[in-house]
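Asker:
Protein chains in written order, with my numbering: chain A, 252 to 592; chain B, 252 to 592.
1. Roughly how many whole angstroms lie between the Cα atoms of residue 259 of chain B and residue 549 of chain A?
2. Going along chain A in order, which residues have a C-beta closer than 7 Å to the C-beta of residue 362 of chain B?
3. What beta strand (DSSP E) runs, 3 residues minimum, are completely inside the region 336-421 of chain A?
4. Check this for me: beta carbons of residue 347 of chain A and residue 336 of chain A, under 8 Å apart or not?
5. Three or more C-beta pairs under 8 Å: does that hold for the region 540-549 of chain B against the region 261-275 of chain B?
6. Any idea what DSSP makes of residue 433 of chain B, helix, strand or coil?
7. With a cut-off of 8 Å, do at least 3 Cβ pairs link the region 388-395 of chain A to the region 459-476 of chain A?
8. Mind checking if residue 460 of chain B is an interface residue toward chain A, Cβ cutoff 8 Å exclusive?
9. For residue 383 of chain B and residue 435 of chain B, what's the separation of their Cα atoms in angstroms?
10. Give the DSSP-derived three-state secondary structure of residue 250 of chain A in the structure shown.
11. Quick one: does residue 594 of chain A have its CB under 8 Å from some CB of chain B?
12. Confirm the yes/no value for this check: CB of residue 412 of chain B, any heavy atom of the ligand GTP, distance under 7 Å.
13. Nearest chain B C-beta to residue 465 of chain A closer than 8 Å, yes or no?
14. Is residue 614 of chain A near residue 457 of chain A, with beta carbons less than 8 Å apart?
15. Contact check, residue 409 of chain B vs residue 452 of chain B under 8 Å by CB: the rounded distance?
16. Note down, one range per segment and in chain order, each alpha helix (DSSP H) of at least 4 residues found wholly within the region 425-481 of chain B.
17. Return the chain-ordered list of same chain residues with a C-beta closer than 6 Å to the C-beta of residue 398 of chain B, the five sequence neighbours on each side being excluded.
18. Span of the alpha helix (DSSP H) holding residue 271 of chain A?
19. What does the alpha-carbon distance come out to for the pair residue 350 of chain B and residue 255 of chain B?
20. Does residue 365 of chain A have its Cβ less than 8 Å from a Cβ in chain B?
21. Counting Cβ pairs, one atom from each stretch, are 3 or more of them under 8 Å apart for the region 488-497 of chain A and the region 432-450 of chain A?
22. Less than 8 Å between CB atoms is the rule here; does residue 262 of chain A satisfy it with respect to chain B?
23. Taking only the alpha-carbon atoms, compute the straight-line gap between residue 374 of chain A and residue 573 of chain A and give it to the nearest angstrom.
24. Checking 8 Å against the spacing of the C-beta atoms, do residue 306 of chain A and residue 252 of chain A come in under that value?
25. Please state whether DSSP places residue 535 of chain A in a helix, a strand or coil.
26. Using a Cβ cut-off of 8 Å (strictly closer), state whether residue 388 of chain B contacts chain A.
27. If you draw a straight line from the alpha carbon of residue 428 of chain B to that of residue 334 of chain B, how long is it in whole angstroms?
28. Using only alpha-carbon positions, find the residue among A:423, A:445, A:459, A:454 that is nearest to residue 556 of chain A.
29. With a threshold of 7 Å on Cβ separation, who are the neighbours of residue 494 of chain A within its own chain once the five nearest residues in sequence on each side are excluded?
30. Using the beta-carbon of each residue, which ones in chain A are nearer than 8 Å to residue 449 of chain B?
31. Is residue 327 of chain B buried or exposed, if buried means 16 or more other CB atoms sit within 10 Å of its CB?
32. Determine, using beta carbons only, whether residue 395 of chain A and residue 364 of chain A come nearer to each other than 8 Å.
Printed below as a string of structure tokens:
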């Protein structure tokens, strides 16, 4: 399989990305799924970096993308003003089937925007969602959405649940993953109107819905898929990412660290592959701008796992089955709840 | 001043509450504001606990409240079915002016419900809000709302901002506290429609509005008052409260602890006074059910500080001034935005 890699921009820097790609290629050959990286970025600089890192010139493909979308560029402006940027070119190639997946550590808004503009939406899905793994006391949880759709309707959140469920089943290998709705109390009547509506839809779905979970349950081994709005998910994700920094300040002088390999190492978000964009007809992984080479490598492996496990097809099928079951359980409610544009 | 104390229920338990009240009375006499505790709870058990703890019988007043609202009681049912509970009796006495403040570690929903039912709402305020202190890298932030109004209108959130601002000014002694709106990006157009509306209202207000802050900024010394919906605030608060437990698991064997007095001690939410209910005509502090005696004492001192600093009057005045300024800046928008029931 061919994986497009965004190798442009100042964060995390071209050399870090190239190093990460090489790490992913080099680690455990045979046991890992094989892939061929296609680097999108300014060709001259890329060739120079490859040479400096002693990468044989036939190990990777290069697509020249001289324009760079910066972290602070406005996504909708950048997509039209920079057609030769790595993000625009790679998403177009993904859509055309020239590559099987796209991994970027760039401007999240621009990647999501480019996918909305150039990659087909999966059938049955009205809104895309970003899903991320979250460290728990034991194992990992998966939260969806963390920012692609800040203000979803209840029907969209049903789709988030189905997409997350299919993803976790295929990529983490968890059968019938437990789906929890993030709310401010465990009873079904809690929360705002949207939460109550989503609760009812999830109850009628074939998903393994375990009910509401609260903020304090996120670290617990309760739900494998945590469903929430892009607004709440984004606030929580950024808050979570700030925990290591907050702790580091307090841990100065104690000998413990969140960046090393100690007891707190798994709190560092850079250890995870990144976010995945669910609901588009392609495998898209978006890593953090401040990623290390190791994080880039993990994002690559994650993308290859998604392609290998046919995660996108599983997501489409799961959303279809879920919507059909919910619709059949109460056909007259259809227009109001599960089929919103 | 007289402070009513909820001394009923199994969490944290009658003896812990009595011990906390005694600690608050005993600490640094002279330097602290003086108050007289009024214990609301089952009289026989209370007298027994006081005797066991060697408390002179004239040190406290006791109001017999034999009925107990449990943590899992439904608030609206408990308030009518248990009129002789500590929560109902104390809020009625607060409303009648028999006590100056009410401190409870009980069922938050029941306390908020009782205050809505029996205590007048402050003039100019349409919805109550719960505010809590949040530990930061440096000093403390104050978040409002954390659950009293899960789904506020934009006009309500303007009131939250004004209430939080007045509270922080009076109780923390910070002049012109910086008000930040919790959002999913720093630009004014980010977030959902409500966030954009609140942003505009806050810009037109006389408050020291510094703009949007993101989830990652909560730990930073950026905003003194963090304004958000009760839904988002509640999820975040419960998530924050779960951090020490999550860390404790990982810290086993490292010699560090979040419960002791070490580097991480200030992450323990039990060290803070609790939440305060803003928008009602009375001083109400709600501590955590799992409070220690020390936390009860801190809640008592916090309540006395609020009464001493005339925080309730300051809150009312600040909301009035804020609403007037916003209204004057655009009188025609009044009905739509700042005066919602």
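Cβ atoms here follow ideal geometry from the backbone N, Cα and C, with glycine treated the same way.
Answerer: According to the structure data:
1. 53 Å
2. Within chain A, no residue comes near residue 362 of chain B; the closest Cβ sits about 15 Å away, beyond 7 Å.
3. Runs found: 352-355, 380-386, 391-395.
4. no
5. Result yes; three or more Cβ-Cβ pairs closer than 8 Å.
6. strand
7. Output reads yes: the region 459-476 of chain A touches the region 388-395 of chain A.
8. Residue contact check for residue 460 of chain B against chain A: no CB pair falls below 8 Å.
9. 21 Å
10. There is simply no residue 250 of chain A to check, as chain A begins at 252 and stops at 592 in what is shown.
11. Summary: the structure shown does not reach residue 594 of chain A, with chain A confined to residues 252 through 592, and so no result is reported for it.
12. With respect to the ligand GTP, the structure shown offers nothing to examine, as it has no ligands at all.
13. Among the residues facing chain B, residue 465 of chain A is included, as its CB has a counterpart in that chain under 8 Å away.
14. Past the edges of chain A, shown from 252 to 592, lies residue 614 of chain A, and the structure says nothing about it.
15. 5 Å
16. For the region 425-481 of chain B, the full-length alpha helix (DSSP H) segments reaching 4 residues or more read 444-455 along the chain.
17. 381, 481, 485
18. 265-277
19. 6 Å
20. no
21. no
22. no
23. 13 Å
24. no
25. If DSSP states are grouped into helix, strand and coil, residue 535 of chain A belongs with the strands.
26. yes
27. 40 Å
28. Residue 556 of chain A has its Cα closest to that of A:423, out of A:423, A:445, A:459, A:454.
29. 518
30. Ordered by position in chain A, no residue passes the 8 Å Cβ test against residue 449 of chain B, which lies about 13 Å from the chain.
31. So residue 327 of chain B counts as exposed.
32. Inclusion of residue 395 of chain A and residue 364 of chain A in the CB contact set at 8 Å is not warranted, their separation being larger than that value.
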